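The structure appears below as structure tokens.
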Amino acid sequence: MDCKATVNIGNYSRGGKTRGNNQAKDHDMGCKEKYIPCGIVDEDSGQFYINFGSSYKTSDFIVDSLIQWWKTITPEQKKDTALIQIKVDNGPESSGVRTQFLKRMVEFVDQINVPVQLLYYPPYHSKYNPIERCWGILEQHWNGAMLFNAEVMLSWASSMTQERVPSYLKFKQNCLPKGDFFNKESYETNRI
169 MDCKATVNIG NYSRGGKTRG NNQAKDHDMG CKEKYIPCGI VDEDSGQFYI NFGSSYKTSD
229 FIVDSLIQWW KTITPEQKKD TALIQIKVDN GPESSGVRTQ FLKRMVEFVD QINVPVQLLY
289 YPPYHSKYNP IERCWGILEQ HWNGAMLFNA EVMLSWASSM TQERVPSYLK FKQNCLPKGD
349 FFNKESYETN RI
């Protein structure tokens, strides 16, 4: 599970090459429309789930993406799930010391009644996270394409396959508050 860098929407080159006579801007200053992809790879089925959000890359956005992923699973799969292992890098929004992230993860576990293990990669080792390979495949897939609007971005992302398994997409125009945190007084009373 990981978030990718922000995707700028518009007539931007993004460093790619394409056949044809396409003209694009070489700088992305003043970009108004941006989306943040958050991805989850189910290593058992090979399914790649992408949630595009229009807000910020926050702990809440990551856990909301996890909740959306859980809703896509069939009841049989939910019943057969005894443990969820989530491989994450130690980024600022999903760090093991980020109280807002831990609070939301505890709420998620309480909601689904399935234990969750967070497996953190050490610094500079997130390249071993399977989601990082998916981001590389996505970048190669839409390399050279101009993402004029959200529909074009979603069509390119939905046509991507990883090991011949199509990706599952969710698009959400959201406005999550930035800087929302779990204060120390609440932390002491709830003891995560």
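Numbering (this note's numbering), first residue to last: 169 to 360. We put the CB at the ideal spot given by N, CA and C, even for glycine. Quick caveat, the model's predicted, so the values are computed rather than measured.
Contact between the segment 296 to 309 and the segment 207 to 221 is present: 3 or more CB-CB pairs across the two stretches fall below 8 angstroms.
Residue range 227 to 240 is occupied by the alpha helix (DSSP H) that includes residue 234.
Collapsing the DSSP output to three states places residue 199 in coil. Between the segment 219 to 235 and the segment 261 to 269 there are three or more inter-stretch CB-CB distances shorter than 8 angstroms, so the stretches are counted as touching. For secondary structure counted as the alpha helix (DSSP H) over 4 or more consecutive residues, the segment 274 to 334 holds these complete runs in sequence order: 298 to 309 and 318 to 326. Residue 209 places its beta carbon less than 7 angstroms from that of residue 298.
When rounded, the separation of the alpha-carbon atoms in residue 286 and residue 237 is 16 angstroms. Distance between residue 278 and residue 284, taken at the CA atoms: about 10 angstroms. Shown here, residue 205 sits in a strand according to DSSP, grouped into three states. Excluding the 5 residues flanking it on each side, residue 202 has same chain C-beta neighbours closer than 6 angstroms at 174 and 176, in chain order. Beta-bridge partners assigned by DSSP to residue 245: none are found. Residue pairing by DSSP puts residue 170 in a beta bridge opposite 207.
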